[in-house]
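*Asks:*
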Amino acid sequence: QLGRLGDTPFALAGLDVDGLSAGLFIPVSELNHLRQRAVDELLRRRNWAIEAAHAERRATIELAARAVGTGTAPEATAATRPAYRLVAEVYDLDDAAAAADAGATEIVLDPFLRHPAPALSPVKALAQTLSGRGISLRLRAPTIVRPEDRRAIQKWLDLELPVQTGHLGLVAELSRQGRDVTADYAVNVMNAHTAAEIFRLGAQRLTTSIELTADEIRELVAPWAGRGFDVLVYGRPEGMTLEHCVLSAAFDRQPTTCRDLCVQKHPNVQLTDPTGYAFPVATDSACRNRLLHSRPVEGSEFMPRLWEAGVRGYRAVFNVPGDPVAEIVAGYRESLEALARGERARPSRVRELVGGAFTRGHFARAV
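Going by the working numbering, the first residue of the sequence shown is number 3, and it counts up by one from there.
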């Protein structure tokens, strides 16, 4: 009876009956009761040991989690650190000029977003013009760069302009060359340890993951007091990159030889899901499709909380035709000027511009 231990983690190794009187009779029910009490006591003591081991493990993990190496972050003194950065990301040269005129302090140009890429000479001229106004021009490199793609982007890298990329290999490679490179939201920085590692690879700045809430962003940037971080506050993030062109498939054409479709006949393509949401599709210069969010993120209401956490970099992304670039950039510039003056936060003009056609993203609700 005592050896019937069933699904318990124990087995009867032996039985000492020396303390029992000779000829003692013990009912089966009592033997079962004794066995159950013994098992309960053993399980309790076993759980104490397991809980102690788990508590030690949790303490070790918590200690390691708090020990974030911040020494690899870019140095910036109070004298050299700007009051704020308003970064406007565009794919069109006219939009770049409009964003600069409206108050952007940095322009990120994605020449690869839509087929075909612009010529090099106008981009060089734009960089010189902006530089004369104290506005930097940064190239956004593709997130996917395979060996066969390298030749197409090398001429752009040879311009020696600052670079923004979600490709960790490019972050490491370009930083080793002494280039000014920032990490895009595609690197998906979710915690301080990831941020520390990307800073160690050489990124001058990084954009936080778009899947973080405002409170999680504050926690992420705390070890650096916000230094070196940008937050995407406006625009349609790229949800995924499709290797196979949906436009060429729809017309039974071969990718790379159907340029007339995405450039001339159908420059604006959308995919509609069963609920009726339309997702813009951008066919990039490598004939890959970048699926954009159905609505732009608009996070101006969270900027005061991010400002309090030390975040000084704010990104607005314009990747679909018809975006009111100048008006939106001017609205964010106005908000940042107010925050820099220490004024109480006011509703942003941007929210009025977009009306109800926006999403708060994950600023308020976690994934």
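Glycine residues also receive a C-beta, built at the ideal position from the N, C-alpha and C atoms.
For residue 185, report the span of its beta strand (DSSP E) as first-last.
*Replies:* Its beta strand (DSSP E) spans residues 183 to 185.
*Asks:* CB residue 302 to CB residue 250, shorter than 8 Å?
*Replies:* no
*Asks:* Report the rounded CA-to-CA distance for residue 142 versus residue 188, giving the unit in angstroms.
*Replies:* In a straight line, the C-alpha of residue 142 is about 12 Å away from that of residue 188.
*Asks:* Spatial neighbours of residue 291 within its chain, please: C-beta separation below 6 Å, excluding the five flanking residues on both sides.
*Replies:* Sequence-distant Cβ neighbours of residue 291 in its own chain, meaning closer than 6 Å and more than five residues away, are 244, 247, 248, 283, 285.
*Asks:* Per DSSP, which residues does residue 272 bridge with? Please list them.
*Replies:* The partner list for residue 272 (beta bridge, DSSP) reads 282.
*Asks:* Kindly give me the distance between the Cβ atoms of residue 104 and residue 331, rounded to whole angstroms, as I take these residues to be in contact under 8 Å.
*Replies:* 4 Å
*Asks:* At which residues does the beta strand (DSSP E) containing residue 209 begin and terminate?
*Replies:* 207 to 209
*Asks:* Determine the burial state of residue 28: buried for a count of at least 16 other Cβ atoms within 10 Å of its Cβ, exposed for fewer.
*Replies:* exposed
*Asks:* Are residue 215 and residue 318 touching if we call contact CB-CB under 8 Å?
*Replies:* no
*Asks:* Under 7 Å Cβ to Cβ from residue 2, same chain only, skipping five residues before and after it: list those, please.
*Replies:* In this structure the chain extends from 3 to 369, so residue 2 is not present and cannot be described.
*Asks:* Should residue 206 go down as buried or exposed, given a rule of 16 or more other Cβ atoms within 10 Å for buried?
*Replies:* When all chains shown are included, residue 206 counts as buried.
*Asks:* Given residue 12, which residues of its chain have a CB within under 7 Å of its CB, disregarding the five upstream and five downstream residues?
*Replies:* Closer than 7 Å at Cβ, skipping near neighbours: 41, 44.
*Asks:* Give me the residue from 89, 118, 288, 100 with the minimum Cα distance to residue 107.
*Replies:* 89
*Asks:* Answer with buried or exposed for residue 240, where buried requires no fewer than 16 other C-beta atoms within 10 angstroms of its C-beta.
*Replies:* buried
*Asks:* Hey, how far is the Cα of residue 304 from the Cα of residue 91?
*Replies:* 20 Å
*Asks:* Are the Cβ atoms of residue 139 and residue 129 separated by less than 8 Å?
*Replies:* yes
*Asks:* Which residue spans inside the region 206 to 261 form an unbroken alpha helix (DSSP H) run of at least 4?
*Replies:* 216 to 223, 248 to 252
*Asks:* Where residue 164 and residue 236 are concerned, what is the direct C-alpha to C-alpha distance, given to the nearest angstrom?
*Replies:* It is roughly 22 Å from the alpha-carbon of residue 164 to the alpha-carbon of residue 236.
*Asks:* Residue 48 to residue 298, Cα distance in whole Å?
*Replies:* 54 Å
*Asks:* Assuming the contact rule is C-beta atoms closer than 8 Å, residue 5 and residue 14 should be a hit. Round their C-beta distance to whole Å, please.
*Replies:* 4 Å
*Asks:* May I ask which residues mark the beginning and end of the alpha helix (DSSP H) holding residue 37?
*Replies:* 30 to 68
*Asks:* When the Cα atoms are used, what is the spatial distance from residue 25 to residue 60?
*Replies:* 53 Å
*Asks:* In this structure, how does DSSP classify residue 146 when only helix, strand and coil are distinguished?
*Replies:* coil
*Asks:* Does the distance from the CB of residue 312 to the CB of residue 229 come in under 8 Å?
*Replies:* yes
*Asks:* Return helix, strand or coil for residue 174, following the three-state DSSP convention.
*Replies:* helix
*Asks:* What separation, rounded to the nearest whole angstrom, lies between the Cα atoms of residue 201 and residue 46?
*Replies:* 47 Å
*Asks:* So residue 226 and residue 72 are supposed to be a Cβ contact under 8 Å. How far apart are they, rounded?
*Replies:* 6 Å
*Asks:* From residue 221 to residue 363, what does the alpha carbon distance come to, in whole angstroms?
*Replies:* 18 Å
*Asks:* Under 8 Å between the Cβ atoms of residue 348 and residue 340?
*Replies:* Yes, they are a contact pair.
*Asks:* Have a look at residue 50 and residue 180 and give me their C-alpha separation to the nearest angstrom.
*Replies:* 55 Å
*Asks:* Excluding the 5 residues flanking residue 355 on each side, which residues of the same chain have their C-beta closer than 8 Å to its C-beta?
*Replies:* 326, 329, 330, 333
*Asks:* Tell me where the beta strand (DSSP E) around residue 166 begins and ends.
*Replies:* 165 to 167
*Asks:* Have a look at 32, 111, 118 and flag the residue whose alpha-carbon is nearest the alpha-carbon of residue 266.
*Replies:* Checking every option, the nearest Cα to that of residue 266 belongs to 118.
*Asks:* CA-CA distance, residue 274 and residue 280?
*Replies:* 4 Å
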